[in-house]
Amino acid sequence: MRTLIAAPLCVALAVAPRLALAQTTPEVSCAIRTTGLNFGVYSALEPAPATTVGRIDVVCIPPAVTATMKVSLSTGRSGQLQDRTMTFRDAPLHYNLYADPAHQRILGDGSSGSVAPFQSTRLIGRSSFRVYGIIWPRQAVPAGEYSDAVRIEVEF
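Right, dumping it as structure tokens:
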């Protein structure tokens, strides 16, 4: 059986945890929880990129069901995995989400050079994934609260 559940991973100055529930069959129920990402205050004068770390938790019960599970992240509002943007009014602030702290593997759905955070056949139970965010330095943007919403999908 293929079931898809989704939840938003919000990127902003302050983000509350999100929860999404899906009933796949009478036997299995899953939830996605995210910590969200908070970059704090961004300064265009800072020569180093702004970074942050978030987490995605997928919890399915009962955990004794074996299935192929794939977790993927959408492009956000930019429509591009390689160049995500947060916006304030019409002003873009370029950032991206990565699977590794070295910011080498862009998180996505496995297309356009991206990697899915997780894809495997295993017992479904609890899985956690770190999300490494980065805002590129020296972007001249107006002051404001920038945000984006990235959709997290779990398919099994």
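My numbering puts the first residue of the sequence shown at 97, with every later residue one more than the last.
Ideal placement from N, C-alpha and C gives every residue a C-beta, glycine not left out.
Computed from a predicted model, the values in this text were never measured in an experiment.
Q. What's the gap between the Cα of Val-246 and the Cα of Leu-177?
A. 10 Å
Problem set entry | One or two residues paired with Ser-223 in a DSSP bridge | Val-154
Would you say Ile-242 and Pro-197 are within 8 Å of each other, going by their C-beta atoms? Note on identity: in this sequence residue 242 is Tyr, with Ile being the wrong assignment. No, the pair does not count as a contact, with Cβ atoms beyond the cut-off.
Exercise. What residue from Arg-129, Ser-174, Gly-172 and Leu-193 has the CA that sits closest to Pro-145's CA?
Worked result: Leu-193
> Taking just the CA atoms, how far does Ser-139 sit from Thr-162?
Replying inline: 47 Å
For Pro-143, I'd like the list of residues in its chain whose CB is within less than 8 Å of its CB, leaving aside the five on either flank, ordered along the chain.
-> Pro-233 and Arg-234
What are the uninterrupted segments assigned as beta strand (DSSP E) that are 3 or more residues long and contained completely in the segment 132-215, given in chain order? 146-157, 161-169, 180-184 and 187-194
In three-state DSSP terms, what is Tyr-242? coil
Problem - Alpha-carbon to alpha-carbon, Phe-135 and Leu-189 - result: 12 Å
*Quick one: what's got a C-beta closer than 7 Å to Thr-148's C-beta in the same chain, skipping five residues either side?*
Leu-133, Asn-134, Phe-135 and Gly-229
For Arg-226, collect the residues of the same chain with a Cβ closer than 7 Å to its Cβ; drop the 5 residues on either side in sequence, then sort them by chain order. Val-149 and Arg-151
Note to self: Judging by CA-CA distance, which residue of Phe-252, Gly-221, Leu-203 and Asp-153 is the nearest neighbour of Asp-179?
What the structure shows: Leu-203
Please classify Thr-130 as buried or exposed, where buried requires at least 16 other C-beta atoms within 10 Å of its C-beta.
buried
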